[in-house]
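Notes for the one structure printed next.
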Amino acid sequence: MTKVAKKLVLSFDEQSQSYKPAGHNLLAQESTALTEALQTNGTKSLVIDQEDHHCNFDFHRCRLCKKAAEDATLKHTQTPRQEQHVSDAVPEESEPD
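In my numbering, the protein residues as written are 13 to 109.
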């Protein structure tokens, strides 16, 4: 059986200057559609490769999603301003297939 890579999408909240979960357990096409919708609304986003399927149905309450959002926010606050616009995607370490 082939393992399908799942994606986690985080949206950036300008007001709080932090990332928040926007979707998880997404296929590549679904994550692309979500990031395009967020960009249309003027919201920055990150797409992260999930290491495993997130068991929690609600991404707002998912412990793994919250941790990824906290890590992305921390990285964002520690990155010099000129480097923040280099990439909108940050890969998460994934397990080999």
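Glycine is no exception: its CB is placed at the ideal position from the N, C-alpha and C atoms.
Here the structure is a predicted model, which means the values were calculated and not measured.
Beta carbon proximity, residue i to chain C, threshold 8 Å
i, result
"HIS88", "Structure shown: chain C not included; a single protein chain is present."
Exposure of residue i, with buried meaning 16 or more beta-carbon neighbours within 10 Å
i, result
"ASN53", "exposed"
"HIS66", "buried"
"VAL16", "exposed"
8 Å Cβ cutoff met for residue i and residue j
i, j, result
"LEU46", "LEU38", "yes"
"LYS87", "PRO33", "no"
Own chain, CB closer than 6 Å to residue i, minus 5 neighbours either side, in chain order
i, result
"TYR31", "LEU22, PHE24, ALA81, ALA84 and THR85"
"GLU95", "Note on GLU95: pLDDT 48, under 50, position unreliable in the model; no value is reported."
Proximal residues to residue i (C-beta, below 7 Å), its chain only, five neighbours per side dropped
i, result
"THR55", "SER23 and PHE24"
Through-space distance from residue j to residue i, alpha-carbon basis
i, j, result
"ASP64", "LEU20", "11 Å"
"PHE71", "GLN27", "21 Å"
"GLN41", "LYS18", "10 Å"
"SER43", "GLN29", "22 Å"
"ILE60", "GLY35", "11 Å"
"ARG75", "LEU58", "17 Å"
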